[in-house]
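In mature numbering (1 follows the signal peptide of the UniProt record, and there is no 0), the protein residues as written are -31 to -1, 1 to 385.
Here it is in structure tokens:
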């Protein structure tokens, strides 16, 4: 293929491309042969450079324990985000043929974080600088802290805690999955847009539920909604706690437009729609749910991505899967645009203002400088349809409307 043909092909490949991480010499390091050396024969194709990225997870991760769900109903993710890397590798091969790079991923499932730290340190010594991590927040922080002196950038695929983007932020973390604050802002934007401004909040017993309630209260203040009351619920058969487990009772004796369920486990929330004391819409952990991705999204190339993933994984694509796919694509684009595979140039492009990433959700994605969260639209969906995409029309920001979702620069507690 001619040079002009390759240049024309690259934009098309980028629109659907993914790839995995960086552990190779710079493109610019291929010097001309010195005196006395023979140049490669025109008939001999240039050998592709191997480019490797890491992927880490816990082997025994309770988030994927099929027996943990109440009554054995599958309310947990149905598969690991690693499934998305198969799609990424296939798409990366297209760009790889053009730029002479062979993309690959190495997976490590550890029994504990210490084992993962040892693995990633070894990868770093080999030049692998970009690692996808499907870990809970505590383990993710342990990994990031242990690697703070290494040339390693970790992509957070699953931990939504706002503290990771705030007081507990780390310079070597990039958050692909949206935070609790981002999904809460998206949801309350929609409620305000529909004029459902009086919100009854049902709060579960977990720490994540309390975090979600806190950011919902913040979102209500930002977007002109009102929290009528926050009521606790508990999934139990104990008759002494009937008022906390019976949906009709826990939603009685209040005047509200909508019920918002803060239930990060999702076990209680599934019982709430159509069971409230009054006929009101349910949002949050059930009913209308905010998320990074949904298999029914039908715009901006999403059907093709969903189809490719379903063929590769045998299941539908979820938010964590999309996060893995997006992390891969971000690294590939950064390698391509920086014209380097060295860690520092790729990192600088990834975190810089020039990154303009197509996440198949419409608005171009980029990394916020103040907390390393990838700014992105949020999909609001029911079980089988995306109803709306946030930010909604009319919710404006002075520089980027995506920054109406989550912590803006003046609000951040992050200090790298």
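Note that the Cβ used here is the ideal one computed from N, Cα and C, for glycine as well.
These numbers come from a predicted model, not from an experiment.
Residues of its chain near residue i, where Cβ-Cβ distance is below 8 Å and the 5 sequence neighbours each way are ignored
i: residue 153; result: 181, 184, 185, 187, 188 and 259
i: residue 290; result: 48, 50, 52, 53, 262, 278 and 282
i: residue 370; result: 332, 360 and 364
i: residue 75; result: 21, 22, 23, 24, 92 and 97
i: residue 195; result: 166, 167, 168 and 189
i: residue 111; result: 82 and 86
i: residue 100; result: -11, 22, 23, 24, 25, 89, 92, 121, 122, 123 and 124
i: residue 317; result: 307
Rounded separation between residue i and residue j - CA only
i: residue 1; j: residue 16; result: Confidence is the limiting factor: at residue 1 the pLDDT is only 41, short of 50, which leaves the residue's position unreliable and the question unanswerable from this model.
i: residue 234; j: residue 60; result: 33 Å
i: residue 221; j: residue 33; result: 35 Å
i: residue 319; j: residue 29; result: 32 Å
i: residue 307; j: residue 162; result: 41 Å
i: residue -9; j: residue 120; result: Residue placement at residue -9 is flagged as unreliable, the pLDDT there being 46, under the threshold of 50; a coordinate-derived value is accordingly withheld.
i: residue 297; j: residue 96; result: 17 Å
i: residue 257; j: residue 91; result: 44 Å
i: residue 272; j: residue 352; result: 17 Å
i: residue 58; j: residue 131; result: 31 Å
i: residue 141; j: residue 217; result: 47 Å
i: residue 146; j: residue 118; result: 24 Å
i: residue -23; j: residue 275; result: Any answer about residue -23 is weak, because its pLDDT of 49 lies below 50 and its placement is not dependable; what the coordinates show is given next. C-alpha separation (whole angstroms): 23 Å.
i: residue 372; j: residue 151; result: 9 Å
i: residue 269; j: residue 347; result: 14 Å
i: residue 374; j: residue 191; result: 11 Å
i: residue 255; j: residue 236; result: 10 Å
i: residue 267; j: residue 246; result: 34 Å
Beta-carbon proximity list for residue i, same chain, < 7 Å, skipping 5 on both sides
i: residue 71; result: 17, 18, 19, 20 and 65
i: residue 287; result: 46 and 262
i: residue 56; result: -14, 277, 278, 281 and 294
i: residue 381; result: 135, 339 and 340
i: residue 244; result: 216 and 217
i: residue 321; result: none
i: residue 383; result: 134, 135, 138, 339 and 340
i: residue 385; result: 138 and 140
Beta-carbon proximity check, residue i vs residue j, cutoff 8 Å
i: residue 253; j: residue 230; result: yes
i: residue 232; j: residue 238; result: yes
i: residue 167; j: residue 240; result: no
i: residue 359; j: residue 149; result: no
i: residue 227; j: residue 250; result: yes
i: residue 102; j: residue 123; result: yes
i: residue 177; j: residue 376; result: no
i: residue 175; j: residue 104; result: no
i: residue 342; j: residue 328; result: no
i: residue 169; j: residue 349; result: no
i: residue 106; j: residue 85; result: no
i: residue 164; j: residue 144; result: no
i: residue 128; j: residue 116; result: no
i: residue 309; j: residue 315; result: yes
i: residue 335; j: residue 324; result: yes
i: residue 326; j: residue 292; result: no
Residue i classed as buried or exposed, judged by whether at least 16 other C-beta atoms fall within 10 angstroms
i: residue 83; result: exposed
i: residue 98; result: buried
i: residue 303; result: buried
i: residue 356; result: exposed
i: residue 366; result: exposed
i: residue 87; result: exposed
i: residue 242; result: buried
i: residue 311; result: buried
i: residue 378; result: exposed
i: residue 368; result: exposed
For residue i, the residue or residues it bridges with in DSSP
i: residue 124; result: 101 and 143
i: residue 20; result: 72
i: residue 404; result: Nothing about residue 404 can be reported from this structure: the residues present for the chain run from -31 to 385 only.
i: residue 200; result: 171
i: residue 297; result: None; residue 297 has no bridge partner.
i: residue 259; result: 349
i: residue 252; result: 229 and 257
i: residue 77; result: 25
i: residue 335; result: 344
i: residue 357; result: 349
i: residue 195; result: 167
i: residue 326; result: 334
Chain-order list of residues whose beta-carbon lies under 6 Å from that of residue i (same chain, five-residue window excluded)
i: residue 73; result: 21
i: residue 171; result: 200, 202 and 230
i: residue 139; result: 113
i: residue 354; result: 265
i: residue 78; result: 26 and 28
i: residue 80; result: 28
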